[in-house]
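Enquirer: Quick one: this structure, given as structure tokens, is what I'll be asking you about.
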Amino acid sequence: DAGITQSPRYKITETGRQVTLMCHQTWSHSYMFWYRQDLGHGLRLIYYSAAADITDKGEVSDGYVVSRSKTENFPLTLESATRSQTSVYFCASSDNLLRGNTEAFFGQGTRLTVV
Amino acid sequence: SQQGEEDPQALSIQEGENATMNCSYKTSINNLQWYRQNSGRGLVHLILIRSNEREKHSGRLRVTLDTSKKSSSLLITASRAADTASYFCATLSNDYKLSFGAGTTVTVRA
């Protein structure tokens with residue numbers, strides 16, 4: 010199916026474990042983003058990417074790693090999960106972003122609980 | 005701290021009334037966008053306004069942008085129960101960073 014999909018939808022992991030959240034889009038959009046959403050904070054940018062092999066840190070990147078070896082995939086890895094990383098994670102993609110007339114498309118989110 | 009800040013944090017209105025929410029941001033932007041999120045779901049794009057535009061309409065939505073004050077407002081006219089959701093402004097910087105605020109939760113009472 011066309012679109013942007015995140016997996017898994019729900020994940021429970023233990024403190025200290027490494028966990029990877031997957032994001033896949035079928036549009037070949039150049040730009041991809043990872044956000045976390047916590048009550049009272051809205052969406053905070055973790056990492057973003059303009060193209061394959063180009064990534065930049067957002068405002069809350071500590072403890073997270075990303076890669077973008079292929080345009081369509083943008084996995085987010087928590088190297089050693091902590092309870093403070095319990096959150097809902099959203100992936101988004103967009104194209105022609107700086108032409109000023111395009112929107113971002115969001116996945117359905119991954120609810121991660123670190124125990 | 006976040007780039008965008010919405011005001012108010014929460015809004016409760018009667019069906020048929022207008023809803024207005026504001027967004028302030030800190031740094032220069034390429035464009036500003038508004039999104040809606042229904043409970044537990046992903047965000048859906050509503051409307052985009054470029055930095056050289058001052059006002060834009062789409063159906064029952066009206067957005068304004070004042071770059072001198074670094075602020076924007078979203079007006080939803082003749083609200084419906086289905087408009088109950090959280091609304092977020094997002095700013096796109098010239099280095100393609102798309103940043104969101106904390107959102108405004110709108111409840112439309114029947």
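Chains V and F are the protein sequences, given in the same order.
Offset between the first sequence (1-based) and this note's numbering: plus 9.
Offset between the second sequence (1-based) and this note's numbering: plus 4.
C-beta: ideal position from N, C-alpha, C; glycine also.
(1) Mind checking residue 10/F: buried by the 16 CB within 10 Å criterion, or exposed?
(2) Could you check whether the Cβ of residue 50/V sits closer than 8 Å to any Cβ belonging to chain F?
(3) Below 7 Å on C-beta distance, what does residue 106/F contact in chain V?
(4) Closest to residue 50/V by CA distance: which of 24/V, 98/V and 40/V is it?
(5) Taking 8 Å as the CB-CB limit, is residue 150/F close to chain V?
(6) Going by Cα to Cα distance, which pick from 121/V, 88/V and 82/V is closest to residue 64/V?
(7) Going by beta carbon distance, what residues of the same chain come within less than 7 Å of residue 49/F, once the five residues before and after it are set aside?
(8) On a CA-only basis, which of 111/V, 120/V, 101/V and 124/V is nearest residue 35/V? Give me that one, please.
Expert: According to the structure data:
(1) buried
(2) yes
(3) 49, 50 and 51
(4) 98/V
(5) A question about residue 150/F goes unanswered here, because the residues of chain F that appear run from 5 up to 114.
(6) 82/V
(7) 37 and 39
(8) 101/V
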